[in-house]
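Below you'll find the structure, written out as structure tokens, and then a few comments.
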Amino acid sequence: MNQSVLFPDQCDWQEALGIITFPAQCQGALIECFVAKSTLEHHLNTSLDTQAELNEAFEQLRFDLEDIAEQKILDDDFDLQGRIEIAELN
23 MNQSVLFPDQ CDWQEALGII TFPAQCQGAL IECFVAKSTL EHHLNTSLDT
73 QAELNEAFEQ LRFDLEDIAE QKILDDDFDL QGRIEIAELN
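According to the working numbering, the sequence shown is numbered sequentially starting from 23.
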């Protein structure tokens, strides 16, 4: 892992938006990363109906999500709001 991108051990469910956000820090800048509930459900082939299930799914996929986010940060692949969106998992 490239130590220039750090990921604190936290995530937040944004129910109104249907996304889980998680922060990254790169060269002192705080970057918001996010993954949609539907992306997690599609990848895991299951319905995630509670916040506990969403958090568990996120933790199960955390390393993959962080790897994808790190690569997108290093590639400057930000959305229009300066965030990193994980739209699909490999």
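For every residue, glycine included, the Cβ atom is placed at its ideal position computed from N, Cα and C.
Assigned exposure category for Thr-61 - 16 Cβ within 10 Å defines buried: Position 39 of the sequence shown holds residue 61. Counting Cβ neighbours within 10 Å, Thr-61 comes out buried, since at least 16 surround it.
Looking only at C-alpha atoms, which of Leu-96, Ile-41, Ala-79 sits nearest to Lys-59?
Position 37 of the sequence shown, counted from the first residue, corresponds to residue 59. When each option's Cα is compared against that of Lys-59, the closest is Ile-41.
Can you grab the Cα-Cα spacing for the pair Ala-21 / Thr-72, in whole Å? No statement about residue 21 is possible, as the shown extent of the chain runs from 23 to 112 and does not include it.
Buried or exposed: Ala-79, going by 16 or more other Cβ atoms within 10 Å of its Cβ?
Reading the sequence shown from its first residue, position 57 is the one you call residue 79. Buried is the call here.
In whole angstroms, what separates the C-alpha of Gln-32 from that of Ile-53? As a first step, residue 32 is located in the sequence shown; it is residue number 10 there, counting from the start. As a first step, residue 53 is located in the sequence shown; it is residue number 31 there, counting from the start. Answer to the nearest angstrom: the Cα atoms are 13 angstroms apart.
My output table needs one value for Gln-103: the three-state DSSP class, helix, strand or coil. Locating residue 103 in the sequence shown gives position 81, where the first residue counts as 1. Coil.
Q) Roughly how many whole angstroms lie between the Cα atoms of Leu-87 and Gly-50? A) On the sequence shown, position 65 is the one that residue 87 refers to. On the sequence shown, position 28 is the one that residue 50 refers to. Approximately 20 angstroms, taken between the alpha carbons.
- Is Thr-43 closer than 8 angstroms to Cys-55 when the C-beta atoms are compared? Here residue 55 is taken as the residue at index 33 of the sequence shown, counted from 1. Here residue 43 is taken as the residue at index 21 of the sequence shown, counted from 1. Yes. Within cutoff.
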